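*Asks:*
In the numbering used here, the protein residues as written are 28 to 140.
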């Protein structure tokens, strides 16, 4: 349960850091640039704590995939980026892949018991 909390925190912090990266305008604006550093620092610390109880393949795929999807959604909401049907389908495939990966690892745990 702790691992899931840390993984969720890592995802939120990474998404925050990525969003601040856009606002920093190439690290030319101070406060968003500081937000990038803080966001990624919290993200990597949280991810390392999550890895104590979650397998690397699951944690990293979930962190990067969900973070990518959230960042894309925020790009549309905050920066008016275009979201084509192809992008929507690609993000859906990423999420489906994460679900399958996590489900298969859960099934493997149960059969090994």
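Ideal Cβ positions, reconstructed from N, Cα and C, are used throughout, including at glycine. In this text, all values refer to a predicted model and were calculated from it rather than measured experimentally.
For residue 79, which three-state DSSP category applies?
*Replies:* In the chain shown, residue 79 corresponds to position 52, counting from 1. Residue 79: coil per DSSP, three-state reduction.
*Asks:* Give the C-beta separation of residue 49 and residue 106 to the nearest angstrom, bearing in mind that I take them to be a contact with Cβ-Cβ under 8 Å.
*Replies:* By one-based count along the chain shown, residue 49 stands at place 22. By one-based count along the chain shown, residue 106 stands at place 79. Contact flag correct, Cβ pair sits at about 6 Å.
*Asks:* Return the chain-ordered ranges of every alpha helix (DSSP H) run that is complete within the segment 32-120 and spans a minimum of 4 residues.
*Replies:* Here the runs fully enclosed are 57-77, 83-106.
*Asks:* Give the straight-line distance between the Cα atoms of residue 94 and residue 56, rounded to the nearest whole angstrom.
*Replies:* Stepping through the chain shown from its first residue, residue 94 is reached at position 67. Stepping through the chain shown from its first residue, residue 56 is reached at position 29. So the alpha carbons of these two residues sit roughly 23 Å apart.
*Asks:* By a C-beta neighbour count over all protein chains shown, 10 Å radius and 16 as the cutoff for buried, is residue 37 buried or exposed?
*Replies:* The sequence position of residue 37 within the chain shown is 10, counting from 1. Buried, by the Cβ-count rule.
*Asks:* Can you give me the Cβ contacts of residue 33 inside the same chain, cut-off strictly under 6 Å, excluding the 5 residues immediately before and after it?
*Replies:* Here residue 33 refers to the residue found at position 6 of the chain shown. Excluding positions up to five away in sequence, the list reads 73, 76, 77.
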